[in-house]
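Colleague: Mapping of the sequence shown onto the working numbering: residues 77 to 161, in sequence order.
Below are the C-alpha cells for one structure; questions will follow.
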Amino acid sequence: MKTGFKKISISKYIELYLKSNPGTKRKKITEGLKKALKAYKKGIKCRCGNPIWVIGSAVAGNACFTCITGEAHPDNDYEIAEACE
Ligand SMILES: [Zn+2]
77 MKTGFKKISI SKYIELYLKS NPGTKRKKIT EGLKKALKAY KKGIKCRCGN PIWVIGSAVA
137 GNACFTCITG EAHPDNDYEI AEACE
C-alpha cells in the first residue's frame, strides 16, 4: 500500500502531463504509463525492493518514488489510482 500520493486516473494525468510538458507526444506518455502500470500489476519491484512509482516509471524506467526523485516520501505527488491499492 502506497501512501502520500494524490490519486489520479491515467487519462487525467496524461492531460496534466501534456500541459506541463508540451514537447511530449501523447502516444509516448500514454504507452509509458501503460507499460509501467502493467509492470506494477505484475509485481515488478524497484531495484531497492519497493513497489514501483508508475508515474515516474513511465518516463524514468521501473523504479520507486525515492529512487527516481531522491525524496524519502511523496508530498502531493501523483500516482495512478490503480497503483495505489
Ligand atoms: Zn527504489
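Ideal Cβ positions, reconstructed from N, Cα and C, are used throughout, including at glycine.
(1) How would you call Ala134, buried or exposed, if buried means at least 16 neighbouring beta carbons within 10 angstroms?
(2) Check whether the Cβ of Thr142 lies closer than 7 Å to any heavy atom of ligand 1, and answer yes or no.
(3) The beta strand (DSSP E) with Lys83 in it runs from where to where?
(4) Can you list, in chain order, the residues of its chain with a C-beta nearer than 7 Å to that of Ile120? Leave out the 5 residues immediately preceding and following it.
(5) Tell me whether Asn126 counts as near ligand 1, meaning its Cβ is closer than 7 Å to at least one heavy atom of that ligand.
Modeller: Inspection of the coordinates gives the following:
(1) buried
(2) yes
(3) Phe81 to Ile84
(4) Ile128 and Asn138
(5) yes
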